[in-house]
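Here is the structure we will look at.
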Amino acid sequence: MTKILVIGATSAIAEHCARIWAARGDALYLVARNEERLKTIAADLKVRGAANAHIHCLDLNDMGSHAAMLDAAEAAMGGVDTVLIAHGTLSNQKACAQSVEETLAEINTNALSTVSLLTHIANRFEAKQAGTIAVISSVAGDRGRASNYVYGSAKAMITAFTSGLRQRLYKSNVAVVIIKPGFVDTPMTASFKKGLLWAKPAAVATAIVRAIDKRNDEVYVPAFWWAVMAVIKTIPSRIFRKLKF
Ligand SMILES: NC(=O)c1ccc[n+]([C@@H]2O[C@H](COP(=O)([O-])OP(=O)(O)OC[C@H]3O[C@@H](n4cnc5c(N)ncnc54)[C@H](OP(=O)(O)O)[C@@H]3O)[C@@H](O)[C@H]2O)c1
């Protein structure tokens, strides 16, 4: 039985990961800010076979409460083996472009709250010389685009931060897994028109759980996004600046 802390547990992608872990009989500690949703998800995960499904209500922008939340998760499950960090908001780029406050709020949610969590978790896992930390970044972090560069730059920070953390923790037997989904059909993207490039959260969750099991360093989900982003990253800036997407 693995003891898994799911941060942003009401995310559609995280919920599907938790369903896979529940079916394996793992113990789960679910953190999110919507208590009713958390209760419903926890009840469902217990029916699906979870050894336990504790809930913890927290706005993850309340960084002063991160250490206490981690203490509570360790106490409830008798330790933590694996952490998945999944919370996020898809920034309104047009509104951000007009407002410093909105831009910084988005960076706070999508980057700084995760940096805070990772700093606490890394030190705890380093001390016990074990653990797996998985974070959902995005292909949007691979190259800033006019249509979503606030969200993308926050995800870029997470990608770079976890790259450094992975090197630091390698000798301590702690794996750091970074997940870069492309377009996923979840509440976050409810207003978007869906097409061929879109994946379902259940399929994305299967790939995420597999990457965590294998302690992969970095995975694009679905895998074809690796090739898409490899091409996008090589477009010269003098051409890229004229493109509209
Ligand atoms: N969907 C995509 O196309 C896509 C692509 C690439 C990466 N991602 C990333 O995948 C992750 C999961 O997203 P999703 O697609 O599963 O979307 P989702 O279902 O909308 O989940 C996002 C979750 O983040 C939570 N959240 C946001 N701010 C929070 C805060 N301050 N405190 C606590 N919880 C907070 C939301 O909680 P509330 O319900 O309470 O607001 C929601 O449960 C995110 O990191 C996202 O950036 C998604």
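Numbering of the sequence shown is given in my numbering, commencing with residue 3 and proceeding in unit increments.
By construction, the Cβ of each residue, glycine as well, lies at the ideal position given by its N, Cα and C atoms.
These figures come from a predicted structure and were not determined experimentally.
Please work out which residues of its chain come closer than 8 Å, Cβ to Cβ, to residue i, disregarding the five sequence neighbours upstream and downstream, and give them in chain order.
i	result
Thr-188	Ser-13, Ala-14, Ile-15 and Pro-203
Thr-4	Trp-23, Arg-26, Asp-28, Ala-29, Asp-83 and Thr-84
Ser-118	Met-65 and His-68
Looking at residue j and residue i, is the spacing between their C-beta atoms short of 8 Å?
i	j	result
Ser-93	Val-152	yes
Thr-164	Val-178	yes
Thr-84	Ile-214	yes
Lys-157	Ser-174	no
Thr-91	Glu-108	yes
Ala-11	Leu-32	yes
Ala-129	Val-176	no
His-56	Ala-78	yes
Which whole-angstrom value is the C-beta distance of residue i and residue j, which I expect to be below 8 Å?
i	j	result
Ala-136	Ile-181	6 Å
Gly-146	Gly-154	5 Å
Cys-19	Ala-207	4 Å
Thr-111	Asn-63	6 Å
Ala-124	Leu-171	6 Å
Pro-183	Val-230	Not confirmed; about 12 Å, so no contact.
Arg-21	Arg-50	6 Å
Could you name the residues of the same chain whose beta carbon sits closer than 6 Å to that of residue i, not counting the 5 residues immediately before and after it, in chain order?
i	result
Ala-52	Ala-24 and Leu-30
Ile-234	Arg-145
Cys-59	Glu-37
Glu-220	Ile-180
When burial is assigned at 16 or more other CB atoms within 10 Å of the CB, is residue i buried or exposed?
i	result
Lys-196	exposed
Ala-88	buried
Ala-75	buried
Thr-105	buried
Val-102	exposed
Note down, in chain order, each residue of its chain lying with its Cβ closer than 7 Å to the Cβ of residue i, except the 5 sequence neighbours on either side.
i	result
Thr-116	Ile-87, Val-137 and Ile-160
message: What ranges does the alpha helix (DSSP H) occupy inside the stretch 154–240, keeping only unbroken runs of at least 4 residues that lie completely in it?
response: Along the length of the stretch 154–240, whole alpha helix (DSSP H) runs at least 4 residues long occupy 203–215 and 227–236, reported in chain order.
- prompt: Taking the runs of the alpha helix (DSSP H) that are 4 residues or longer, which of them lie wholly in the stretch 54–120?
  reply: Look at the stretch 54–120 and you find these whole runs of alpha helix (DSSP H), each 4 residues long or longer: 68–79, 95–100 and 102–109.
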